[in-house]
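Notes follow once the structure below has been shown.
Residue numbers (our numbering): 166 to 353.
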């Protein structure tokens with residue numbers, strides 16, 4: 166498990182954030198992340214068949230070296246599931262990049278958990294053997310919480326863009342990016 170580090174206050178859950186590779190038992194978390202309030206900016210909940218396909222893709226990322234990874238976010242001393250986050254390779258504006266996305270369960274929102282998890286996933290992407298240079302996030306322009314996560318996690322706003330998610334549905338997003346070479350140099 167990977168833990169975040171840094172100056173934290175005594176009651177701050179972000180001191181205990183961990184990323185655990187996605188496992189078969191995490192399907193229940195996928196069901197929780199599929200609630201209407203969790204998917205409002207993503208086109209709404211998916212069907213059970215779509216969730217099962219997503220779960221299989223998440224599991225496959227763990228076996229396809231250089232294609233990304235999905236994680237369960239854990240929080241607190243007893244490591245309860247707080248949400249999910251991952252990164253995966255995708256083409257963007259003529260370049261192969263890492264894309265990231267997350268979902269933090271309602272009881273854990275507003276505590277800095279998503280930003281801490283985004284910093285951890287950026288470190289994983291920087292260390293991935295595919296050695297892609299950029300990590301991008303594409304939150305909807307009106308999703309202030311996810312845009313705030315990007316800002317807090319150290320991403321740079323490139324500006325608005327049109328993005329297709331899910332397939333066949335265009336949404337207006339902000340393109341946030343992080344140059345992973347800066348993370349690699351910082352850890353050297």
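Note that CB positions come from ideal geometry on N, CA and C, so glycine has one too. Because the structure is a prediction, the values reported are computed rather than measured.
When 202, 215, 205 are compared against residue 192, the one with the closest alpha-carbon: As a position in the chain shown, residue 192 is number 27, starting the count at 1. For residue 192, the nearest C-alpha among the options comes from 215.
With 16 other Cβ atoms within 10 Å as the buried cut-off, status of residue 190: As a working mapping, residue 190 is identified with position 25 in the chain shown. Exposed, by the Cβ-count rule.
Considering residue 211, what are the terminal residues of the alpha helix (DSSP H) in which it resides? Locating residue 211 in the chain shown gives position 46, counting from the first residue. Taken as a continuous stretch (DSSP letters only), residue 211 belongs to no alpha helix (DSSP H), as it is neither H nor E.
Let me know the secondary structure DSSP gives residue 347 once reduced to three states. Taking the first residue of the chain shown as position 1, residue 347 is located at position 182. Residue 347: helix per DSSP, three-state reduction.
So does the stretch 270–285 actually touch the stretch 321–333, counting three or more Cβ pairs closer than 8 Å? Cβ pair count under 8 Å is below three, so no.
Collapsed DSSP secondary structure at residue 220 in the structure displayed: As a working note, residue 220 is residue 55 in the chain shown. Judged by DSSP in its simplified three-state form, residue 220 adopts helix.
Here's a check: name, in chain order, each residue in its chain whose Cβ is nearer than 6 Å to the Cβ of residue 331, leaving out the five neighbours to either side. The residue labelled residue 331 in the question sits at position 166 within the chain shown. Within the same chain, residue 331 has close Cβ partners 208.
Return the CA-CA distance between residue 346 and residue 298, expressed in angstroms with no decimal places. Taking the first residue of the chain shown as 1, we reach residue 346 at position 181. Taking the first residue of the chain shown as 1, we reach residue 298 at position 133. Taking C-alpha positions only, residue 346 is separated from residue 298 by approximately 6 Å.
Among 231, 272, 197, 218, which has the Cα closest to the Cα of residue 252? For the purposes of this step, residue 252 is taken as the residue at position 87 of the chain shown. Comparing Cα-Cα distances from residue 252 to each of 231, 272, 197, 218, the minimum goes to 231.
Classify residue 311: buried if its beta carbon has 16 or more other beta carbons within 10 angstroms, exposed otherwise. If you number the chain shown from 1, residue 311 lands on position 146. Flag for residue 311 reads buried.
I'd like to know whether the C-beta atoms of residue 300 and residue 265 end up nearer to each other than 8 Å. Counting from one through the chain shown, the residue named residue 300 turns up at place 135. Counting from one through the chain shown, the residue named residue 265 turns up at place 100. Yes, these two residues count as a Cβ contact at 8 Å.
With DSSP as the reference, label residue 360 as helix, strand or coil. An answer regarding residue 360 cannot be provided, because it is not within the stretch 166 to 353 covered by the chain.
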